[in-house]
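Note sheet for the following structure.
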Amino acid sequence: MKLATIDILIIALFLVGSIGLGLWLSRLASRNLKTYFLAGNDIPWYLLGLSNASGMFDVSGTMIAVAWLFVYGVKSAWIPWLWPVWNQIIMMVFLAIWMRRSNVLTGAEWISFRFGDSPGGRLAHIVTVLFAVIIVIAFMAYFVEGIGKFSAQFLPWDLAFSFAGLQFASEDAYALIIIGLTTIYTLKGGFYSVVGTEVMQFVVMTIACLIVGFIAFGATSAEQIQAAVPAGWDSLWFGWELGLDWSSLLPAADQRITDDGYSAFGFLFMLMIFKGVFASLAGPVPSYDMQRVLGTRSPAEAAKMFGLTPLVLSFPRYFMIAGITVLALVYMDTDALLDSEGRLDFEQVLPYAISEYVDAGFRGLLLAGLLAAFMSTFAAFINAGSAYVVNDIYRKYINENASDRSYVRLGYLVTGGLVLTGLYFGFAGGNIQARTDWIVGLLYGSYVASNVLKWLWWRFNGFGYFAGMAAGMLGVAVIPPALEAAGLQWLAIQQFPLLLAVAALGSVVGCLLTPPVEEEQLKQFYRQTRPWGWWGPVARLVQAEDPTFRPNRDYWRDLGNVILGIIWQMTLVVIPMFAMIRATDNLLWSLGVLALTSWLLKKFWWDRLED
């Protein structure tokens, strides 16, 4: 990609602005742990919502979203359910409120709030910290792969080098530079710098997305798009089989569908629903989502934050994704995307389309926006990861009486260590799709069982939590190679039920063989959090002490709001797709559904929020 001088100037100004703002905000962060990791619970929910949206707009995810839309068409709107993307809705409706009522600093500290400081509670706490560090490193490796591949496509210099007998390609060098710059302001400024720079970066990203979307809209027509795609590409709906045949237009796309294992899309969709229910009820993994929840001013503001995120994120992001995709479909030279083995690399569609079809100036703005997407997500993860090590290992088990300055300085060291570890695993190689499948299909599977039971079952204890998490992580290490040795090529999501069963068995056995959580701890947790679920014995104890206490009877209302919210979120994703491909009837239907679900959520969710 050849960048004009104005493009390089825009990117340089953006990088200087991000680092400068992050360092300027650092003066607020160095007072104590709470200001460094949660900004002192002093940031309004709408800024945290923009920050959350910025953190979810990562380069790796955007590259793969373009590849998905290119190959799968509008049906690709379902694929993010693999995460599942609608865990944001469950957080919005009730889970963020329950979590924020704890008033703790990290997700691991929340575990102590739930299970106490008994031996079982400590085991649960330790395994949560371990999982938090693993998930942060796994995502960092995923980000390294994405930013390296992306940067090497648009930055013009060959920076390949060797060090200590190791060879580093240009994409590795670019990843090192960008990650190093991001680490500087994140390390110094903590959560203040993360949120402040993410809000600025979100504005840049949104402007860039809208500009590119409108460029693509003006450069293509509905007839050109239809001529470039197979029948059914523009439809959201599917049967048991995916129903797309690229053989006469682009056989490599059919091969990609086969490689992904998504041909039997109906079966995949059922697995998405099965996994999505459990993964969403488990709550966020202990990373940046949880830090933003704990960083809000109140439980109601935590819920509002998650409601704002899909509202402000979906249209600009998917308008740009759809725009890049249609430009590539109509004008792309497929030979330019062949990898060293002669296969079409669909993850290169995004940088290729920017290079070929976006004009100078606009190209620099878009690249700055995509760099912002990477930097914001990466910064959020490393800030969250260092919080667990400093607060939940050093402070809790090693030195609980150190000065605030000592804790903050240790945060600097831990942040640097996490970055180096993530770089090591990122440079190990692999493709973005493979990393995505491993994280969301396998690693998440080890987390779900224990973290659903911790909310819903009063009898669940710290020993059960530890046993379930340990069994799940052991399953991640054992089940995939065992299946491969047996000649079974299962997708990561197909392995999820097995991992869930192993983790659930470990959870229940570990719980029932050990005594329950102390009564006072259970009463404190239930009184403060007020979850629904199987809490009858504890609810009766609390009501005996306080007859005015009102148990949570909102299960059915919450369930209805979750269903409404998932539909609402889906319309926000497909509306920019339908607009870009000029599917007028589908667009109008989607706008109508969006209006109806928005009104119902206002009436039955927003108006009834309480702390």
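Per the UniProt record's numbering, the very first residue in the sequence shown carries number 1; after that it's consecutive. Yeah, the Cβ is synthetic: ideal placement off N, Cα and C, and Gly gets one too.
Residue i to residue j, Cα distance in whole Å?
i: S102; j: W534; result: 19 Å
i: L249; j: V229; result: 7 Å
i: T436; j: L82; result: Bear in mind that a pLDDT of 49 at T436, under 50, signals an unreliable position, so the model cannot answer this.
i: L236; j: V452; result: 31 Å
i: residue 613; j: L244; result: There is no way to answer for residue 613, as the model of the chain reaches only from 1 to 611.
i: A492; j: A477; result: 13 Å
i: G510; j: F460; result: 9 Å
i: L242; j: W605; result: 35 Å
i: V93; j: D558; result: 6 Å
i: R540; j: G464; result: 23 Å
i: L596; j: G232; result: 27 Å
i: F217; j: L181; result: 34 Å
i: F202; j: L15; result: 14 Å
i: A141; j: Y424; result: 8 Å
i: V85; j: L271; result: 14 Å
i: I111; j: L313; result: 31 Å
i: N431; j: D607; result: The predicted position of N431 is uncertain, since its pLDDT is 48 and thus under 50; no value can be drawn from it.
i: V71; j: E520; result: 55 Å
i: W240; j: S263; result: 9 Å
i: A379; j: Y397; result: 26 Å
i: W457; j: P537; result: 10 Å
i: L488; j: L522; result: 44 Å
i: L13; j: P299; result: 37 Å
i: I207; j: L329; result: 23 Å
i: A449; j: I11; result: 44 Å
i: W246; j: R395; result: 57 Å
i: G462; j: F139; result: 27 Å
i: E484; j: A53; result: 37 Å
i: F131; j: L176; result: 25 Å
i: G196; j: D42; result: 12 Å
i: P576; j: F466; result: 44 Å
i: V277; j: S118; result: 31 Å
i: R297; j: E356; result: 46 Å
Would residue i be called buried (16 or more neighbouring beta carbons within 10 Å of its own) or exposed?
i: D7; result: buried
i: S403; result: exposed
i: F549; result: exposed
i: I179; result: buried
i: D289; result: buried
i: N401; result: exposed
i: I126; result: buried
i: E198; result: buried
i: Q291; result: buried
i: M332; result: buried
i: K603; result: exposed
i: L512; result: exposed
i: T5; result: exposed
i: E223; result: exposed
i: A482; result: exposed
i: D392; result: buried
i: A279; result: buried
i: G441; result: Residue confidence for G441 is low, a pLDDT of 49 falling below 50, so the modelled location carries little weight and cannot support an answer.
i: A227; result: exposed
i: I273; result: exposed
i: N87; result: buried
i: N399; result: exposed
Based on the DSSP secondary-structure assignment, which residues constitute the bridge partners of residue i?
i: W532; result: Looking at the DSSP assignment, W532 forms no beta bridge with any residue, so it has no partner.
Q. Between the stretch 379-393 and the stretch 352-364, are three or more C-beta pairs nearer than 8 Å?
A. Too few Cβ pairs lie closer than 8 Å, so no.
Q.
Can you confirm whether the stretch 521-534 touches the stretch 501-513 when touching is taken to mean that 3 or more C-beta pairs between the two stretches lie within less than 8 Å?
A. Between the stretch 501-513 and the stretch 521-534, the count of C-beta pairs closer than 8 Å stays below three; the two stretches do not touch.
Q: Specify whether the stretch 49-56 and the stretch 286-305 touch according to this definition: at least 3 beta carbon pairs, one from each stretch, less than 8 Å apart.
A: The stretch 49-56 vs the stretch 286-305: in contact.
Q.
Would the stretch 580-589 count as touching the stretch 550-566 if we require 3 or more Cβ pairs under 8 Å?
A. At 8 Å Cβ cutoff, the stretches do not touch.
Q: Give, in chain order, every unbroken run of the alpha helix (DSSP H) that is at least 4 residues long and sits entirely within the stretch 453-509.
A: Positions of the alpha helix (DSSP H) runs, each at least 4 residues long and wholly inside the stretch 453-509, are given as 462-485 in order along the chain.
Q: Determine, using beta-carbon pairs with one atom in the stretch 198-212 and one in the stretch 307-325, whether at least three such pairs fall under 8 Å.
A: Here the stretch 198-212 makes contact with the stretch 307-325; the two share three or more CB pairs at distances below 8 Å.
Q. Per the contact definition of three or more C-beta pairs closer than 8 Å, is the stretch 254-264 in contact with the stretch 87-102?
A. Result no; under three Cβ-Cβ pairs closer than 8 Å.
**Q.** contact_flag[the stretch 63-78, the stretch 536-555] where n(CB pairs < 8 Å) is 3 or more
**A.** Contact between the stretch 63-78 and the stretch 536-555 is absent, because fewer than three Cβ pairs lie under 8 Å.
Q: Ignoring anything shorter than 4 residues or poking outside the stretch 338-426, list the alpha helix (DSSP H) runs there in chain order.
A: Counting whole runs of 4 or more residues, the stretch 338-426 contains the alpha helix (DSSP H) stretches 349-357, 362-389, 404-426.
Q | Length at least 4, wholly inside the stretch 554-599: the alpha helix (DSSP H) runs in chain order | A | Listed in chain order, they are 555-581.
Q: Return the chain-ordered ranges of every alpha helix (DSSP H) run that is complete within the stretch 72-141 and spans a minimum of 4 residues.
A: The qualifying runs are 87-90, 96-100, 107-115.
Q.
What ranges does the alpha helix (DSSP H) occupy inside the stretch 248-335, keeping only unbroken runs of at least 4 residues that lie completely in it?
A. Uninterrupted alpha helix (DSSP H) stretches at least 4 residues long and entirely within the stretch 248-335 occur at 251-260, 265-281, 288-295, 299-331, given in chain order.
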